[in-house]
Structures are given as C-alpha cells and as structure tokens.
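Asks: Okay, here's the structure, questions in a sec.
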Amino acid sequence: MVKILNKLFLSIFIFVLFISLFFVPILYSSNPYYTDEYYEQLILSGDGFFWPIPGYTYISSYFGKRVSPTSYASSNHSGIDIPASSNTNLYAIEDGIVTFASWGAGGGYTIVLKLLNFPNISVSYCHVSPNFIVSRNQIVKKGELIGFVGPKNVYGINNNPYKDSNGNPTNGATTGCHLHLTIKVDDIPVNPLNFFNKE
Ligand SMILES: [Zn+2]
C-alpha cells in the first residue's frame, strides 16, 4: 500500500514538474505587449497612440544601441529623441495619470504618465520645460496639452552634474533641445515607435 502511494506521489510530482517546465515559459513569453502581433492589432484597431509632438517627425536618435552623444548619455537608448525648439507643445499620447512632474536627473525635467487603459505602461517625457502645467495625480486625456519642450540649459538645480562643453548646467543628459520619449511595459523600455500609426 505504501509503495503504491509513493508511486502515486512520485507520478504527481513528475506531472507537476512537467507542467511547470513546459507551460510556465509559454505563459511568460505570450505577454501580448512584446509581440509584433500585439502592436499590429493596436495600430489596426485605430487605437494607436497620439504623437506627442505634432508636426515634428524627425527622429535624431532611435531606440536601442547607439553611440552615446555625451559622456553622460546612455549607449543603450531607452527611448527616441525628437528635436524641437524650446517651448514646443507636448501632448498626452494616451489617457493617463501624472505620476511625476519634476527634476529627473539624466532625463532633466521630466513628466511621467501611467496609462489608464494600459495599466502596465508608463510614458516618460524628458528634457521638458520646468514650467509645468500638470502636477502629480492629475488625470490627462489623450491629445491634451501637458507641457513644453525644455531649454537646453537650466539653472537653480543643486549639484546638477550635467553640463555642456562650456560648463553650463544642462536639462539632464542632453546636447540640445529635444523631446526624449520613453515607453515602458512592466518597467522595461520598449521601442516607442511600435505604438504609433505609421504614416
Ligand atoms: Zn534620448
């Protein structure tokens, strides 16, 4: 009797191990946010995100590996850079709640939205103007004006380590006025261009 029970438990154990080994990785890798199909569906359904800076489509630095433009900037670019002059309007790419609107070190002055319809997605707008028109916990609608491109140089930040070649303090790790846009899914940066309708 004991032997039969032992065999039964062993069988159950092997069965559970089998299920774990084969099905857990499948569940994990099927996270829809990481597949091309997911992005295609999002775009085809007309639910593509709103371009954060209408009229500005030139991208000076794409997502991923790159040659670092300043000694401070990353060589694995967490987002895309869109050059635009200081005070250019910035818009919410989706309905969201503002979780951060303040100085953000390497990102300079930064606005972060957590998306309401995509709770595991957060969006960061970096090197923005310190003249914030949104504040933490504010709800913003897709296409709503939320801020402005910031100046290259900013003053009044204590111990700002970011400086240009003249030694003047800069708006984070930046070489000129631009919007840096990061989109994170489950805290992992992904290519922001996947979320927008392709023109
Ligand atoms: Zn950037």
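So the sequence shown is numbered by the working numbering: it starts at 3 and just counts up by one.
We put the beta carbon where it would ideally sit given N, CA and C, even for glycine.
Note that this is a predicted model, so its numbers are computed, not measured.
(1) Is it right to say Y1 is buried, meaning 16 or more other beta carbons lie within 10 angstroms of its own, or is it exposed?
(2) Could you tell me which residues DSSP pairs with Y127 in its beta bridges?
(3) For N170 and E39, what's the separation of their Cα atoms in angstroms?
(4) Under 7 Å: does the beta carbon of S126 sit that close to some heavy atom of ligand 1?
(5) Distance, Cα to Cα, D97 vs K144?
(6) Which partner residues of Y93 appear in the DSSP bridge assignment?
(7) Determine contact between the stretch 111-128 and the stretch 62-71, defined as no fewer than three beta-carbon pairs at a distance below 8 Å.
(8) Determine the DSSP secondary structure at N33, reduced to helix, strand or coil.
(9) Secondary structure at R138, three-state DSSP: helix, strand or coil?
(10) For G81 versus T184, is the C-beta distance shorter than 8 Å?
(11) May I ask which residues mark the beginning and end of the beta strand (DSSP E) holding V192?
(12) Taking 7 Å as the cut-off, is the beta-carbon of S88 closer than that to any non-hydrogen atom of ligand 1?
Replies: Straight from the coordinates:
(1) Residue 1 lies beyond the residue range present for the chain, which begins at 3 and ends at 201; the question has no answer from this structure.
(2) One-based indexing of the sequence shown puts residue 127 at position 125. Residue pairing of Y127 in beta bridges, as defined by DSSP: I113 and L183.
(3) On the sequence shown, residue 170 is found 168 positions in, with the first residue counted as 1. On the sequence shown, residue 39 is found 37 positions in, with the first residue counted as 1. Between the C-alpha atoms of N170 and E39 there is a straight-line separation of about 46 Å.
(4) As a first step, residue 126 must be located in the sequence shown, where it is residue number 124. In this structure, S126 has its beta carbon at no less than 7 Å from each heavy atom of ligand 1.
(5) Looking up residue 97 in the sequence shown gives position 95. Looking up residue 144 in the sequence shown gives position 142. Roughly 5 Å between the two C-alpha positions.
(6) As a first step, residue 93 is located in the sequence shown; it is residue number 91 there, counting from the start. As DSSP reads the structure, Y93 sits in a beta bridge with L147.
(7) Contact fails: fewer than three Cβ-Cβ distances are below 8 Å.
(8) The residue you call residue 33 lines up with position 31 of the sequence shown. A caution first: N33 carries a pLDDT of 49, below 50, which makes its placement in the model unreliable, though a value can still be read off. If DSSP states are grouped into helix, strand and coil, N33 belongs with coil.
(9) Residue mapping note: residue 138 aligns to position 136 of the sequence shown, counting from 1. If DSSP states are grouped into helix, strand and coil, R138 belongs with coil.
(10) In the sequence shown, counting from the first residue as 1, residue 81 sits at position 79. In the sequence shown, counting from the first residue as 1, residue 184 sits at position 182. Cβ distance < 8 Å, so G81 and T184 count as in contact.
(11) Position 190 of the sequence shown holds residue 192. Its beta strand (DSSP E) spans residues I190 to V192.
(12) On the sequence shown, position 86 is the one that residue 88 refers to. Result no, Cβ not under 7 Å from ligand 1.
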